[in-house]
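Asks:
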Amino acid sequence: MKFSGAKTEAIAAKTGVTKAMIYYHFGSKEELYKAVIQRPAEDFVNAFGNLELETMPPEEALKTVIKVAIAHEISHPHYGRVLLHEAMQNQGQYFKLTGWVNPINRVIAVVERGIQAGVFRPVDPWLAVNHTMGICTFYFNAQANMRNVQPEFEWFTPEAIDRFTESAIAMVLAGLKA
22 MKFSGAKTEA IAAKTGVTKA MIYYHFGSKE ELYKAVIQRP AEDFVNAFGN
72 LELETMPPEE ALKTVIKVAI AHEISHPHYG RVLLHEAMQN QGQYFKLTGW
122 VNPINRVIAV VERGIQAGVF RPVDPWLAVN HTMGICTFYF NAQANMRNVQ
172 PEFEWFTPEA IDRFTESAIA MVLAGLKA
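Going by this note's numbering, the residue at position 150 of the sequence shown is 171; the numbering climbs one at a time, nothing skipped.
1) If you pair each beta-carbon of the stretch 160 to 174 with each one of the stretch 101 to 118, do three or more pairs fall below 8 Å?
2) Relative to the alpha-carbon of Y100, which residue among T85, T119 and Q112 has its alpha-carbon at the smallest distance?
3) Given that a residue counts as buried once 16 or more other Cβ atoms are within 10 Å of its Cβ, and exposed if not, what is V193?
4) Could you give the distance in angstroms between the alpha-carbon of A82 and the alpha-carbon of N111?
5) Comparing alpha-carbon positions, which option in E63, T85, N166 and F65 lies nearest E73?
6) Kindly confirm or deny that the stretch 62 to 72 and the stretch 88 to 99 touch, where touching means at least three C-beta pairs closer than 8 Å.
7) With distance defined between alpha-carbon atoms, name the residue in I32, N166, R142 and W147 nearest to V57.
8) Could you tell me whether the Cβ atoms of T186 and I125 are closer together than 9 Å?
9) Any contact between the stretch 147 to 156 and the stretch 129 to 139? By contact I mean 3 or more CB pairs, one from each, below 8 Å.
10) Going straight from the alpha carbon of G35 to that of T29, what length do you get?
11) Is the beta carbon of V140 closer than 9 Å to that of P78?
12) Return the CA-CA distance between I182 and F47, expressed in angstroms with no decimal places.
13) Am I right that I156 and A191 are in contact with their C-beta atoms under 8 Å? What's the rounded C-beta distance?
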């Protein structure tokens with residue numbers, strides 16, 4: 022496990038607390054890192070836990086999943102970068118702490134159900150969910166780079182987010198529809 026690049030002194034200075042306070046509350050830099058991985062994920066897992074995906078028609082369930090995923094990205098704008106860092110720096114060692122396995126498996130089940138019902142064409146459900154996750158997150162995780170392509174684009178206005186959400190839904194459903 023690597024925590025290079027994150028000095029406790031710098032974290033304390035940016036957050037306005039003392040280094041001793043960080044160690045008092047978290048015990049170690051590793052425990053602080055675990056909290057950073059887990060806390061935003063709890064919101065995501067709770068949002069998905071409240072969805073009755075199993076009772077919704079597959080198309081409606083997938084639309085709902087995309088809307089919830091994008092809303093989570095909006096409310097946790099830096100979390101995607103934390104997870105990308107986790108994948109690159111620690112090879113996903115701490116990803117299991119997110120609790121995302123169950124929500125991801127529920128979305129896979131939605132795609133499988135859609136295939137069985139003939140609503141979605143035969144695809145690999147695991148890959149379809151990976152593509153869907155990419156569509157929902159790339160907009161937020163790459164916007165700092167993509168601003169160089171279209172500097173005038175307003176990324177986070179309500180109108181832009183609505184356009185993005187509708188576009189993401191249309192793209193995913195167009196790729197899956199039978």
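Note that CB positions come from ideal geometry on N, CA and C, so glycine has one too.
Replies: On the basis of the coordinates in this document:
1) yes
2) T119
3) buried
4) 33 Å
5) T85
6) yes
7) I32
8) no
9) yes
10) This sequence places Lys at residue 35; Gly is not what is there. Between K35 and T29, the C-alpha separation is close to 10 Å.
11) yes
12) 35 Å
13) That belief does not hold up - the Cβ atoms of I156 and A191 are roughly 10 Å apart, past 8 Å.
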